[in-house]
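Participant: First residue of the sequence shown: 5, per the numbering used here; consecutive thereafter. Cβ atoms here follow ideal geometry from the backbone N, Cα and C, with glycine treated the same way. Note that the structure is predicted; figures quoted are calculated from it, not measured.
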Amino acid sequence: MLGAQLAQCSRPLASSSSARAASLHTSAVLQAVSTRTRKSLRTLKANVQRREELQRQAQQNRPHVVLGHKAGDEAKWLNSDLARVLVTAEDVRATPQPSMDAKTKELQTATYFNYGIGEKEKEVLFEVLPRLSAEGKILDKGWTNPIDLAQTEAEREKLELKKGVLFAKLADLRNANARGIAYENRRRIVAAFSEPANPTDTGRPEVQAALATMRIRNVWDHLSNCKKDIANRRSLRRLIHQRAKILRYLKSVDEDRYDRILERLGLERSAVEGELVV
């Protein structure tokens with residue numbers, strides 16, 4: 005009898021102790037920890053995705069490090085002074101060839117000349133020298149008859165005109181290679197970005213920045229066609245940092261000149277400042 009009563013009393017004690025033990029069981033603790041871990045992982049993943057999205061948006065809004073303007077904003081480059089100064093092979097091929105006008109009997113020279121021939125040299129080569137050559141030939145003959153002089157002068161002028169056409173075709177920039185076009189572009193850049201008092205100031209920071217921008221664009225066009233050219237890819241990085249260094253110096257000297265040259269080159273500040281990743 006006493007044993008039966010003791011057994012009945014021990015049952016509720018055992019059930020209550022088992023309930024308390026169940027609340028402290030390892031599986032319940034692990035379930036709570038895993039829930040907090042999953043929540044933390046979801047938050048971490050969302051933060052990483054948000055950070056990547058912000059970086060992607062910032063990269064899209066940032067101008068191209070090489071071209072200097074944002075994607076789709078090609079008008080900024082086309083309206084710049086440097087783009088107007090530069091001559092491309094397509095521009096040269098689109099110009100008419102030198103010839104003699106059948107109506108006026110005048111020489112139609114080339115639009116772009118090779119060998120650094122400018123307006124002054126053009127005037128000397130195609131106007132002054134042919135006239136002096138014709139006069140020299142007439143003086144060598146020693147003719148004094150006005151009729152003979154007039155006839156000889158007309159013949160000499162016609163001959164000099166033919167020579168001028170041949171020489172103009174020879175000096176046409178369409179006969180030059182890529183180096184010849186690059187030389188002409190360098191000459192035009194130095195003249196356009198120098199001060200009027202010193203039109204050949206190659207050490208001016210604006211001239212150096214313009215020359216570096218021209219070289220950067222030439223290398224970029226080459227790499228667009230030859231993607232496996234690793235050596236020129238390193239040269240592109242070097243040129244970009246060299247241009248940034250020149251512009252940084254100009255900014256420390258005169259920030260107004262810095263802003264003006266950026267506009268003339270078709271560049272934005274964020275394309276040449278800060279960390280430049282090519």
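1. With a CB to CB cut of under 6 Å and the five nearest residues on each side skipped, what residues in its chain are close to L271?
2. Counting Cβ pairs, one atom from each stretch, are 3 or more of them under 8 Å apart for the stretch 87 to 101 and the stretch 189 to 198?
3. Going by DSSP, which residues form a beta bridge with M104?
4. Note the first and the last residue of the continuous alpha helix (DSSP H) segment covering E259.
5. If the criterion is Cβ atoms closer than 7 Å, does the pair R247 and L254 meet it?
6. Taking the alpha carbon of E161 as the point to measure from, which residue in L111, E199, E125 and Y187 has its own alpha carbon closest?
7. Where does the unbroken alpha helix (DSSP H) through D95 begin, and where does it stop?
8. What residue range is occupied by the uninterrupted alpha helix (DSSP H) comprising F130?
9. Taking just the CA atoms, how far does L174 sit from E157?
10. Taking the alpha-carbon positions, what's the H245 to R221 distance?
11. Buried or exposed, going by whether 16 or more other CB atoms sit within 10 Å of the CB of N189?
12. Using C-beta distances below 6 Å, list every residue in its chain close to D105, excluding the 5 sequence neighbours before and after it, in chain order.
13. For the structure I just gave you, are there three or more beta carbon pairs, one from the stretch 112 to 126 and one from the stretch 171 to 185, closer than 8 Å?
14. Between the C-alpha atoms of S274 and T47, what's the straight-line distance to the nearest angstrom?
15. Comparing alpha-carbon positions, which option in N236, A214 and L215 lies nearest W224?
16. Check each candidate in E277, K74, A138 and K49 and name the one with the smallest Cα separation from L163.
17. Should I250 and P203 be called a contact, given that it needs their Cβ atoms to be closer than 7 Å?
Facilitator: This is what the structure holds:
1. G72
2. yes
3. L111
4. E259 to L269
5. no
6. L111
7. A93 to A98
8. Per DSSP, F130 belongs to no alpha helix (DSSP H) and is neither H nor E.
9. 25 Å
10. 14 Å
11. buried
12. Q112
13. yes
14. 32 Å
15. N236
16. A138
17. no
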